[in-house]
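So the structure is just underneath, and the comments pick up after that.
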Amino acid sequence: MLTVPDTDGTTHPSDRMSRTASAISTPRTNATPSRRPSELPLDAPDDQPKKRPPSTHTNNGEPGAEPTEDDETMLALQDKLNQISAEDLTSQVNVLEQHEIEYRKEVERKKQEMKEELLDRSKVPESYYTTSTKEGLVLQFVENFNRQYMQLYPGRKELLLCPKNHFDTKKFVCTTIRATQLPYKELYDYRGCARFVADYISYEPLEPPHELPTTIPGPAYTLKLQYGNSFDYAIVLASLLRGVGYDAYVVSGYATRDLTLMNETKTETDAIGIPSPTNQTTSDAQEQAEKGEKEGGGTGKYKVKPPRQLRSSFLVKQEEKKKAAQVKDAEVRRLQQRQAMEEDDEDDDELKGLRVHAWVLVLPGKREVAESFFIEPPTGRIYPTDNENYLGVESVWSSANYWVNMQVCYDGLKGISFDLGDNAKWEFVLLDNTQPSSSANLDDEDLKDADAASDEEDETQHSEILDLPPSWVEKIAISKEQFEARCPSGSKSVTYKNARCETFAEYHRNDGMVSRITFFADDIKEFNGEIREYFSNRKDKLRERIRIPYLDKIHEFFDPGRPHGLKEHVILEGRTQEMHFYSSARSDGLVKRVEEPHKVIEIFTEREDFLTYRSVTYDTNDTDDLQLARGSMIKMTEKFDHDPGHMGTPVEDTLRQCEDVPAGTDAAKKTYFVKDDKIRVTYHREEGRIIPSTIEFKKPTAEQKNHFEVLNSFQVNPYTPEPKKQHLFAHLCALVRSEQACLNAIKLSEREVKEILQARQAEEKDVALVISVYDTIRNQTKLPSEDEKAAHKGEEEESKGTDLDYLSPFLVNYPDPTSLTPTEATQIKDACLKSLKERLIEKASIIQTRLDTVTAEYQRRQLLYSRNADSMTVEETEEYVRFCNDALFRMHILEKRLAKHKEVAPERYVELDAKLRADPRLRAAYY
């Protein structure tokens, strides 16, 4: 038995609770983040007058002299401006506070209107505000059980058996659960149900926290109002879980202060499946240092290598172990400090062990559940049954029965058995359905059928057992629009220890944002904060955006389908740093583009020319402002992969004499020195060689058409014959063409980047969202009714009759069709009838011709078969049989069509004649 200290005579804890709630409402972090400008004080306090610094300059420039009249005027004007700016800022703050107050009042007004609408008895069944005969018997039975229970266990808290609903009518708490399966596949799993309930409803703690709620509304009421306490959460979640086949129960017990107040400020985001970002500051600094060393090393033509430092590898390992141990000890100390702080907070709670809470228990046996577990409805998190946040259990109930815990909770729920069929540990209320899963997850109709069948089988045996009446609440109904909204008013925010998570419904925000996670700064981890934003249904395919305010860095991720195949976009200090692309969506195979200071690098893959790298370097001395323009081009570089079976590009065709290109003649790197008018080619290393062959040309000028100069040439194999002069000249010409192609590609790439940036600016300025064709809510697709279909069909027929004039071809030659002479009307009538007759005869002729053709071909094939039947193969015979079947079928169809035409043709002729007689324009031909 769970013993609870008596609370009689203690002071009311509301004041302490309010102070505690306000204290923990702000997330606690180990480091104080840098204050933003919006968080700084706007002006000085009123009780501290601003002091003017003494003047130290005069009109004569001598210190200590008296201020002039102009100086006093300027100082007075400055004070006046400061006062005006302070008043403006104060007024702006007051306006913002007033907007917030008005918003809260509007939310409260809408909530009250919803409550009044839900309390309208004309819109709900009678079971909401009346008590049936069977319910009255059950209430009497339960009250009798409660009276005996209180006499036997006077030290225990009163059970939650028959609370009042929102219509102030007593109902047995088991009948408040209504098993319902909603038509959404996301809610068929217990994790999806828990996540939906946690997002859809706003949490309100119990007040006072150590007392059971006096009112338990139905789950439909809670879902429509979209806020409730832990008992409201648990009843809704249990109804949904039992509707999809889980053996779920509502648990009434005691929990810690953080759980009952839904205080997530002590929980890391890693515990809920959101990994916290790693610290990039140190790695970025290392990369910048290495990059600086590389750039610094390349400034001089010759550089002396630093002397090698001889260090013992054993000592290096020992130092690494020592550093790792220090880091581990620091982490352990930090965890111990955190646990000590949490324990101190729990020890400070004067209501520890008395805070009432409700959650959901899922027992094994159904839906492949292997072991029991708890679900915390306000957060949707899964816990084991011995979690330390749960301190005690009073009772458990479902839509089948009510069980009272008879076990003593010494150390939380450790060692507590949840075998509800064990009568020594759990006391049931109703004699019917004493086993936990005897009639679980059945709807009311199924329960009625089961009751009827059991009554027919064992009517005598169970005649005196009082069973549970059907649920008094309606089935849970959530429209598709409400299901997609998820959050109350379209948004919900939860603050954790290291982050704040905001969730938005789809199409709730104009920019398509569905989630935003703001990670707080932490000096101990050397982390300066980060913001992650997730988007959906964006026309520009934006999926995720990571913002690092400390570095002024923005990293955007895109789904496939954008022009130019953009995949990622990295912006640093307002300037594009990197662009990643979907190579399969591009014809040039571009994977990555990096813009460094005065250098642009492009990475390629799966190209026919085996190009993998291209870069262009600009002069650092021409300009210092990269935002305005780049400097002049210094050099361009291209790198290639080696393929032994490659036939060769036009550049190397003159040097390659066979299909299998050796590595020594396959260019690995081409460097075009634009300023120096030089071209250097570095070839791939041959097998067994440690250095490659190189050659460097001096580009000829316009006057030197047939003259060229080889500045440097190096062949790894000394036995390789010198190439002929005409071959070298052809190779140089090919390199010049390759340089021009590389220059054109760079210009095209710059133009493409400019188009991408302009498109991104336009997209962010006017964000457009796409709506799926399957979205019936926002597409406003409405199926027409039968009456609308009939009316629309009649309108179409009338429009066809008015648009089509069958006499128009015959009235072309007459200036006034409305006033025809008898002769003209007779001519038009005869011409119209003649035209129809000719069309009918022509159609009959066409059908007869096709029939004769098919019949003649059939007779010809029959004659051939009779002559060659003995010499035909099996395949030819089968083909003849198929032809005969097809020909007979076509002949039958044509004969039917011809007979039908001969039958309908006179009727159509008579019908047209009657129509002509009724036409007012041809009245003169008949009268």
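Quick note on numbering: the sequence shown equals residues 1120 to 2046 in the working numbering.
Glycine included, each C-beta is placed from N, C-alpha and C at the ideal position.
Under the three-state reduction of DSSP output, residue 1428 falls in the coil class, being neither helix nor strand. Boundaries of the alpha helix (DSSP H) around residue 1962: 1941 to 1987.
A direct Cα-to-Cα measurement between residue 1621 and residue 1385 gives close to 17 Å. Less than 9 Å divides the Cβ of residue 1481 from the Cβ of residue 1368. The Cβ atoms of residue 1475 and residue 1331 sit closer than 9 Å to each other. With respect to residue 1280, residue 1254 sits apart: the two C-beta atoms are not nearer than 9 Å. Contact check for residue 1299 and residue 1250: beta-carbon distance about 23 Å, past the 8 Å limit, so the pair fails to qualify. With a 10 Å radius around the Cβ and a threshold of 16 neighbouring Cβ atoms, residue 1429 comes out exposed. Annotation for residue 1865: 1735 place their beta carbon closer than 6 Å to its own, counting only its chain and skipping 5 residues before and after. Under DSSP, residue 1358 shares a beta bridge with no residue. For residue 1254, the enclosing alpha helix (DSSP H) covers residues 1252 to 1271. DSSP places residue 1501 within a strand segment (E or B) once states are collapsed to three. For residue 1509, no alpha helix (DSSP H) encloses it; the enclosing beta strand (DSSP E) starts and ends at 1509 to 1516. Using a C-beta cut-off of 8 Å, the region 1660 to 1678 makes no contact with the region 1844 to 1861, since fewer than three inter-stretch Cβ pairs fall below that distance.
For residue 1598, the closest C-alpha among the options 1366, 1719, 1319 is that of 1319.
Excluding residues up to 5 positions away in sequence, 1251, 1253, 1254, 1257, 1294 lie with their Cβ nearer than 7 Å to the Cβ of residue 1588 in the same chain. The region 1619 to 1662 is shown to contain whole beta strand (DSSP E) runs of 3 or more residues at 1632 to 1638, 1649 to 1654, in chain order. In its chain, beyond the 5 residues on either side, 1689, 1713 have a beta carbon closer than 6 Å to the beta carbon of residue 1697.
Residue 1755 is classed as buried because its beta carbon has at least 16 other beta carbons within 10 Å across all chains shown. In the structure shown, the three-state DSSP call for residue 1698 is strand. Residue 1810 is not bridged by DSSP to any residue. With fewer than three CB-CB distances shorter than 8 Å, the region 1997 to 2017 does not count as touching the region 2037 to 2045. Counted as a single uninterrupted DSSP element, the stretch harbouring residue 1544 is not any alpha helix (DSSP H), since DSSP gives it neither H nor E.
Within the DSSP secondary-structure output, residue 1891 pairs in no beta bridge.
In this structure, residue 1749 lies near residue 1737, with their beta-carbon atoms less than 9 Å apart. The distance from the Cβ of residue 1338 to that of residue 1515 is about 18 Å, inconsistent with a contact at the 8 Å cut-off. Residue 1999: member of the alpha helix (DSSP H) spanning 1993 to 2037, first to last residue. Nearest Cα to residue 1260 within the set 1347, 1349, 1549, 1496: 1549. The residues 1363, in chain order, have a CB closer than 6 Å to that of residue 1307 in the same chain once the five nearest residues on each side in sequence are set aside.
For residue 1379, the uninterrupted alpha helix (DSSP H) segment begins and ends at 1376 to 1379. Cα atoms of residue 1623 and residue 1607: separation of roughly 9 Å, rounded to the nearest angstrom. Using a Cβ-Cβ distance cut-off of 8 Å, the region 1351 to 1361 and the region 1437 to 1454 are not in contact, since fewer than three pairs of beta carbons, one from each stretch, lie closer than that value. Exposure of residue 1680 is indicated by the presence of fewer than 16 other C-beta atoms within 10 angstroms of its C-beta.
DSSP places residue 1689 in no alpha helix (DSSP H) but in the uninterrupted beta strand (DSSP E) bounded by 1685 to 1691. Residue state for residue 1295 is assigned as helix, using DSSP reduced to three classes. Under DSSP, residue 1366 takes part in a beta bridge, and its partners are 1482.
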